[in-house]
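*Asks:* What follows is a single structure, and I will ask about it in a moment.
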Amino acid sequence: MNGYTSRRQFLQRAGMGMGAIGLSPLLSALQAGDRSLNPLAPGKTHFAPRAKRVIHIFANGGPSQVDSFDYKPSLAKYDGKEMPGDGLKTERKTGALMKSPFHFSQHGQCGLWASDLFPKVSAMADDLCVINSMYANVPNHEPSLMLMNTGAERVNLVRPSVGSWITYGLGTENENLPGFVSLCPGGVPIVETQNWRSAFLPGAYQGAHIDTKNTLISKLIPDIRNPRMPRELQRRQLDLIQEMNRQDAGEGAIDPAAEARMHSLELAYKMQIEATDAFNVEREPAHVRELYGDTLHGRQMLIARRLVERGVRFVQVWHGAGQPWDSHSEIAKGHGRLGAEADQPIAALLLDLKQRGLLEDTLVIWGGEFGRTPTVELPTPGANDANTKMGRDHNHHGFTMWMAGGGTKGGLQYGKTDEFGFKAVENPMHVHDLHATILHLLGFNHEKLTYRYAGRDFRLTDVHGHVFHDLIV
Amino acid sequence: MACLLCAGGSLRAVDFEKEIAPLFSKHCLECHDTATLKGGVGLETFYHAHLTTDAGEALFTPGDAAKSVLLHVVTETDPEKRMPPKGDPLSTNEIALLQRWIAEGAKWPDDGWRPPVHWSYLAPKKSTPPKPVSLPDDRHPNEVDFFIAAELDKHGLALNPEAGPANLLRRASLDITGLPPARAQVDAFLADPSFVHYRRLVDEFLASPAYGEKWAVSWLDLARYADSEGYQRDAPRNMWPWRDWVIAALNADMPFDRFSIEQLAGDLLPEATESQKVATAFHRNAPLNLEAGTDPNEDHYKQIVDRVNTTGTIWLGSTVGCAQCHNHKYDPISAKEYYELFAFFNNTPMESKQQGTEMGMSNMVHIGPVMEVNRSTADIDAELEAEAEYEEALAAIRHDLLEAVEVRLKKNPKAGEAFPAEVKKILEQDREMSLDQCRIVSAKLAVQERGMGKRLEEAEIMETRLTEQRKKEVRILQELPEPRATFVARRGDFLAPGEEVTPATPAALHPFPEDSPRNRLGLAKWLVDPANPLVARAQINRLWIEVFGQGLVTTPEEFGTQGEKPTHPALLDSLAVAFVEEDGWSMKKALRRLVLSATYRQSIDVNETSAARDPRNQWLWRHPGHRLGAEMIRDQALAISGLLSSRQYGVSVRPYQPDTFWRKSAGASETYYVPSRGEDAYRRGVYTLWRRNAHYPSFANFDAPDRSACVVQRDVSNTPLQALTLMNDPVYVGIAEAFGKRIIKEGGTTIDDRIDWAFRTTLTRAPRESERLLLHSAFETVRGESGSEEKAWREVATILLNLHETINRS
């Protein structure tokens, strides 16, 4: 008679939770045409997608292009000389040209010139689609982060993030996990949760922030476990709650809201299991863990793979809290350390995805919110560090990003900056263009993926953006 | 040049119809017709040609061709910039013609074309609908129902039967007070579930102090109220006296017109009282950027933009913000008019300035006007509590520090000699150590044990909090003696000033009264002028949303041409007129009308026939029964468990949240979260500290906005994370535990009595037999396994608190 002593009967009747209880005709009908009841239900693309999911590796702070993937021999030749021509405006004062402290060589069949900052990533050159001609609008972190992540650079302007737009467009392949996850160790980047917010899109599309510095699952995801109750007992409890919800909803016609709630209760329970599993890298065989390396970055890159493998649509992996790649001073030391932290895990991710056949339809993106100047930053009274030396300032005029997989052309080096790597001069690609191209790879016309808010149809690229077909296979 | 002047061959005046209009048609109308208006430029009608462009410029200056943009763009030498962008440039003759036409005064006969007047810009009118067939008198219908039933008739639908008395009372109590009804009210109503009795109970709810606490929440969302500055630093700010003002004003049923005027311009009222000045903190709620390196002028500009936009959203139901950068594409507000509204607000002092340099960085500090507010005894009580809490924490730190010193001395009796002189001096003094001294001792002797570092930081936060409590301050608006000049910011860039403007209201709306001052007070009075066609409609629509979940206009932030049309236009208008004329702007009376309606009182049951005809319940054939708001879910759970504090007002409280949630972020002054203790851990949600960058996580989970901008209507999402919060958040686990204990204490003696009591306490209604049996089995099973009654009742409590019905109005 009762759900507790004969749970078996209940389950026989109900099957395993909602899956077998099934959706009422009313709710199914509503869901078919209307995602407001189940915002994460799979969405329809405008055309066949090349990529089904995205991993965005965010080197926040602004990695230097001329020290990584944009080789400029002239920098060594004219080291210490004034840069000819009118200087471009960046955030702070810079002086003479400064050669890279890193050593460049050619990699792969394609002969990509890259420095020893990322030796293992460079070894994957034939899978990389390197864009040397990225540009943004201003040389400051906050607006540039907002531009890269939301397409609108004004801080505090309420705009959804790229990941939210994509989850809005595609829904999720696994409802037991959030559709959009933002991994950031040790805290949050600057402008914080604005980087992954859903703004006026429904809250289900918001990025779930996970502090990957934690290794305990209970710290990774708040409330994932009940502090008092083992999971089996919670299952029993949940069954009873569901049974009461179902009875209340009545026979025959069921209140769609009640049914949706029952659905999410069930998902929550499954998420407790699935998330616990997804974030547990201990379950990987030793050789895989070795490939990524037993470091914080190795761990979070491996988590990223486990997440996309389980159907999470958009995973953003940040280098760290604040703005780690912001090497205003001592770039050899700063970038050197950061590169050493990130190189093996990123290369391992690419290799691992490739070996599993996942790279084909997984788009991997690497880059910062902007790059750095080829000129040396001058010590400025009033700046963060008045003793600045041998570092580079922010540079939005030209910087490098790379993509891999998901329908992008491997072994391609696209666009050019000027002789010194300061400004994009050949095939310049604005951040809006990058967004348009990403959406295209995912099967969306960026001008048609819109959301109506405050009487206007909003889109990620606002009124801008061109798809760069040259980058696509 | 001579040739140009004589082009056309004669000295007769240029004929617009014959010579200029065809020229525009040939070269310009592909992009600049009335349908396209590219760049805000229209050359098809007199009306559009005389508007300023998106860049904030006039197209032509009659009589002065050299100053006319129109001529500049067609004579531009750079082909990239020249008009038309495609095809041949204008011929020399055509240019000369245009030039002459402008020189002669740009005569353009008015073709009379005007944008059609949108419904929301016409004054609302009261109407009487025909008596609907589907509405019998014994349902006690009121004017709301006639309109609703008329539409139901049309669509072959009818109202559901009335909800059961227990459900109805719970619904009304939650909607009016945000809390479940008291047991005595329920018992009385079950004994006499008449309409007259219902009406009396509604009046009791409206008179309850809980009413103001419930209804303040949506106003706080509109007013983007928070306890922190926003932006990266997101430092704490003191605005809670304004939050208390809102609650008190709502409870006193301050009429909406006065409620508006005091908040927008209370400082400008004759002999303004302290309370009227506190009210003006409304517009000081705008986020403030105190990031080092911010340009205070730019931030001042942004705050005024925020004030104009927020004002437009609330009192004009319009997103005027579009006109900040260009002429409003769809609605009759030009960029110039936007800055004329801006000018009303541009007379308040700067909010911030750069100050000194610390570590080479120029610091930003708040310098806006602040007022000290008289304190109540409740404020002093709160201070005494905070003082006791701080003293207790400090005493424990002293004790543990001294013990740590003893341990060191025991290990090595000579260690004391090596102590730094500073430490020796502190240890030898005959006073107790101050917090500063504790910090020194801890640092110099490297005392890390028992979480000393964190505790010292927490004590510092408590000390700061205590200082806050001792001085009740709030930021207010003030008018500068000399008005600041306002310019059109071209393309929204404050560094690109265009034409100078003076305060004025948009021409498409009702006139600004001639005897009104052209300042904020005049503007406030204009906004709540009964002639304003938008204000009452927007306010009634927001009220409707809170009660029915979905607005009569489903785009409550946009009543303009880009918004949705009302589902029941005559109803919206009649309610708007009644709100102003009959209710005298009383928000309680307007709400009372809605909750007394038969439409409101009907059951939530889904009837398949109706559901098939109107699956989204647009015509309200059932009560829509939407989910409770974030604060209400917690408030209700606290009330059910008996934990809820009834204390009102005061400094914002910090209920429990994971202590890792506030991360160390550069510059922010509070990096640890020190939870409130005692009663303050269980206050109503409206008193919870709102930090913009990290607002209370379980509220965020249930769609509470971060309050960085005006929000008219919250999302109502349904996510697994919400279920996790209710199941596993230590706050909710604690609530269930308290409820379990309360069941034992107050729920009677037998198991059945207790189940019945617990069920009624949660959902007001009695359990059905099947529900009772299910709960009974859960109880028996857990008691059997654990041998603990307490655990078994906690199980029952948890189940009840997690039901769908519990977090919904039903």
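Protein sequences appear in the order of chains A and B.
Take 3 as the starting number for the first sequence in my numbering and just add one per residue.
Take -6 as the starting number for the second sequence in my numbering and just add one per residue.
Every residue gets a Cβ at the ideal spot worked out from N, C-alpha and C, and that includes glycine.
Keep in mind it's a predicted model, so treat the numbers as computed, not measured.
Can you tell me whether DSSP reads D459 (chain A) as helix, strand or coil?
*Replies:* Here the question's residue 459 (chain A) lines up with position 457 in the first sequence. Of the three classes helix, strand and coil, the one that applies to D459 (chain A) here is strand, per DSSP.
*Asks:* Given this structure, state the Cα-to-Cα distance separating G413 (chain A) from T457 (chain B), to the nearest angstrom.
*Replies:* Here residue 413 (chain A) refers to the residue found at position 411 of the first sequence. Here residue 457 (chain B) refers to the residue found at position 464 of the second sequence. So the alpha carbons of these two residues sit roughly 58 Å apart.
*Asks:* Spatial neighbours of G171 (chain A) within its chain, please: C-beta separation below 6 Å, excluding the five flanking residues on both sides.
*Replies:* For the purposes of this step, residue 171 (chain A) is identified with residue 169 of the first sequence, where counting begins at 1. So the qualifying residues of the chain are G45, F446 and L451.
*Asks:* Short check: CB of M403 (chain A) to CB of I192 (chain A), under 8 Å?
*Replies:* Here the question's residue 403 (chain A) lines up with position 401 in the first sequence. Here the question's residue 192 (chain A) lines up with position 190 in the first sequence. Taking 8 Å as the Cβ cut-off, M403 (chain A) and I192 (chain A) do not qualify as a contacting pair.
*Asks:* So with Cβ pairs under 8 Å, would you call S369 (chain B) a contact of chain A?
*Replies:* In the second sequence, residue 369 (chain B) corresponds to position 376, counting from 1. Output row for S369 (chain B): interface = no.
*Asks:* Apart from the five residues on each side of it in sequence, which residues of its chain come closer than 8 Å, Cβ to Cβ, to P27 (chain A)?
*Replies:* Counted from its first residue, the first sequence places residue 27 (chain A) at position 25. Low confidence applies to P27 (chain A): its pLDDT is 43, below 50, so where it sits in the model is not reliable enough to give any reading.
*Asks:* Closest Cβ-Cβ distance between M720 (chain B) and chain A: below 8 Å?
*Replies:* Stepping through the second sequence from its first residue, residue 720 (chain B) is reached at position 727. Taking Cβ atoms only, chain A reaches closer than 8 Å to M720 (chain B), which makes this a yes.
*Asks:* Per DSSP, what are the beta-bridge partners of Q812 (chain B) in this structure?
*Replies:* The requested residue 812 (chain B) does not occur in the structure, where chain B is confined to residues -6 to 803.
*Asks:* I want to see whether chain B comes within less than 8 Å of A1 (chain A), judged by CB atoms only; does it?
*Replies:* Residue coverage of chain A in this structure runs from 3 to 475, which leaves residue 1 (chain A) outside it and unanswerable.
*Asks:* Does the beta carbon of I219 (chain A) come closer than 8 Å to any beta carbon on chain B?
*Replies:* In the first sequence, residue 219 (chain A) corresponds to position 217, counting from 1. False, the Cβ-Cβ gap to chain B never drops below 8 Å.
*Asks:* Span of the alpha helix (DSSP H) holding C431 (chain B)?
*Replies:* Here residue 431 (chain B) refers to the residue found at position 438 when the second sequence is read from its first residue. Element bounds for C431 (chain B): L428 to K437.
*Asks:* Which complete alpha helix (DSSP H) runs does the segment 279 to 318 of chain A hold, if anything under 4 residues is left out?
*Replies:* DSSP assignment within the segment 279 to 318 of chain A yields the following whole alpha helix (DSSP H) runs of 4 residues or more, N-terminal first: 288 to 294 and 298 to 311.
*Asks:* Can you find a C-beta in chain A that's less than 8 Å from the C-beta of H25 (chain B)?
*Replies:* For the purposes of this step, residue 25 (chain B) is taken as residue 32 along the second sequence, with counting starting at 1. For H25 (chain B), no CB of chain A lies under 8 Å from its own CB, so it is not counted at the interface with that chain.
*Asks:* Roughly how many angstroms separate the alpha carbons of S669 (chain B) and L213 (chain B), rounded to a whole number?
*Replies:* The count along the second sequence starts at 1 and reaches residue 669 (chain B) at position 676. The count along the second sequence starts at 1 and reaches residue 213 (chain B) at position 220. Within the model, the alpha-carbon separation for S669 (chain B) versus L213 (chain B) is close to 22 Å.
*Asks:* If I'm right that L443 (chain A) touches R52 (chain A) with Cβ under 8 Å, what's the distance once you round it to whole angstroms?
*Replies:* Position 441 of the first sequence, counted from the first residue, corresponds to residue 443 (chain A). Position 50 of the first sequence, counted from the first residue, corresponds to residue 52 (chain A). Rounded, the Cβ-Cβ distance is 5 Å, consistent with contact.
*Asks:* Rounding to the nearest angstrom, what Cα-Cα distance links D435 (chain A) and W368 (chain A) in this structure?
*Replies:* The residue given as residue 435 (chain A) occupies position 433 in the first sequence. The residue given as residue 368 (chain A) occupies position 366 in the first sequence. Computed Cα separation, rounded: 16 Å.
*Asks:* Of all the options A:P430, A:V378 and A:G370, which has the alpha carbon lying nearest to the alpha carbon of N62 (chain A)?
*Replies:* Position 60 of the first sequence, counting from 1, holds the residue named residue 62 (chain A). When only C-alpha atoms are compared, the closest one is A:G370.
*Asks:* Following a CB-centred definition, is I360 (chain B) positioned closer than 7 Å to any heavy atom of the ligand SAH?
*Replies:* The model on display carries no ligand, and the ligand SAH is accordingly not part of it.
*Asks:* Hey, could you find the ends of the alpha helix (DSSP H) M720 (chain B) is sitting in?
*Replies:* As a working mapping, residue 720 (chain B) is identified with position 727 in the second sequence. That run of the alpha helix (DSSP H) goes P713 to N721.
*Asks:* Using only alpha-carbon positions, find the residue among B:E206, B:V724, B:E550 and B:E788 that is nearest to I737 (chain B).
*Replies:* As a first step, residue 737 (chain B) must be located in the second sequence, where it is residue number 744. Minimum Cα distance to I737 (chain B) is reached at B:E788.
*Asks:* In the DSSP assignment, the alpha helix (DSSP H) including S146 (chain A) goes from what residue to what residue?
*Replies:* Looking up residue 146 (chain A) in the first sequence gives position 144. Note, S146 (chain A): alpha helix (DSSP H), H143 to T152.
*Asks:* Can you name the residues of chain A whose CB is closer than 8 Å to the CB of P690 (chain B)?
*Replies:* Counted from its first residue, the second sequence places residue 690 (chain B) at position 697. Residues of chain A passing the Cβ test: P224.
*Asks:* Just checking my contact of S634 (chain B) with A731 (chain B) at CB under 8 Å: how many whole Å lie between their CB atoms?
*Replies:* In the second sequence, residue 634 (chain B) corresponds to position 641, counting from 1. In the second sequence, residue 731 (chain B) corresponds to position 738, counting from 1. That pair is a contact at about 4 Å.
*Asks:* Which residues share a DSSP beta bridge with P191 (chain A)?
*Replies:* The residue given as residue 191 (chain A) occupies position 189 in the first sequence. According to DSSP, P191 (chain A) bridges with A:G324.
*Asks:* What residues of chain B sit near V465 (chain A), judged by a beta carbon separation below 9 Å?
*Replies:* If you number the first sequence from 1, residue 465 (chain A) lands on position 463. The contacting residues do not exist; V465 (chain A) stays about 11 Å from chain B at best.
*Asks:* Does DSSP put K391 (chain A) in a helix, in a strand, or in coil?
*Replies:* To locate residue 391 (chain A), count along the first sequence from 1; it is residue 389. Correct three-state label for K391 (chain A): coil.
*Asks:* Pairing CB atoms from the segment 358 to 374 of chain B with CB atoms from the segment 499 to 518 of chain B, are three or more of them under 8 Å?
*Replies:* no
*Asks:* Less than 8 Å between C-beta atoms, sequence neighbours within five positions excluded: which residues of the same chain meet that for A265 (chain B)?
*Replies:* Within the second sequence, the letter at position 272 stands for residue 265 (chain B). G259, listed in sequence order.
*Asks:* Which same chain residues, not among the five before or five after G24 (chain A), have their C-beta less than 7 Å away from its C-beta?
*Replies:* Mapped onto the first sequence, residue 24 (chain A) falls at position 22. Model confidence at G24 (chain A) stands at a pLDDT of 39, short of 50, so the residue's coordinates are unreliable; what they give is reported in the following sentence. Closer than 7 Å at Cβ, skipping near neighbours: no residue.
*Asks:* Run through the DSSP bridge pairs and tell me what H109 (chain A) is partnered with.
*Replies:* Within the first sequence, numbered from 1, the residue matching residue 109 (chain A) stands at position 107. Partner(s): A:L114.
*Asks:* For R484 (chain B), which residues from the same chain have a beta carbon less than 8 Å from its beta carbon, with the 5 sequence-adjacent residues on both sides left out?
*Replies:* Translated into the one-based positions of the second sequence, residue 484 (chain B) becomes position 491. Result list for R484 (chain B): D47, A48, G49, C318 and H319, in chain order.
*Asks:* Would you grab the beta carbon distance between L293 (chain A) and D354 (chain A) for me? Rounded to a whole angstrom, and I think it's under 8 Å.
*Replies:* Here the question's residue 293 (chain A) lines up with position 291 in the first sequence. Here the question's residue 354 (chain A) lines up with position 352 in the first sequence. Correct: roughly 6 Å between the Cβ atoms.
*Asks:* Does DSSP classify Q595 (chain B) as helix, strand or coil?
*Replies:* Start at 1 with the first residue of the second sequence, and residue 595 (chain B) comes out as number 602. Correct three-state label for Q595 (chain B): strand.
*Asks:* How would you label M71 (chain A), buried or exposed, when you count the other beta carbons within 10 angstroms and need 16 or more for buried?
*Replies:* The count along the first sequence starts at 1 and reaches residue 71 (chain A) at position 69. Checking the sequence, you will find Phe at residue 71 (chain A) rather than Met. F71 (chain A) should be labelled buried.
*Asks:* Are the C-beta atoms of A28 (chain B) and some chain A residue less than 8 Å apart?
*Replies:* Reading the second sequence from its first residue, position 35 is the one you call residue 28 (chain B). For A28 (chain B), no Cβ of chain A is located within less than 8 Å of the residue's own Cβ.
*Asks:* Can a CB atom of chain B be found closer than 8 Å to the CB of V193 (chain A)?
*Replies:* Taking the first residue of the first sequence as 1, we reach residue 193 (chain A) at position 191. Yes, V193 (chain A) lies at the interface with chain B (some Cβ there is under 8 Å from its Cβ).
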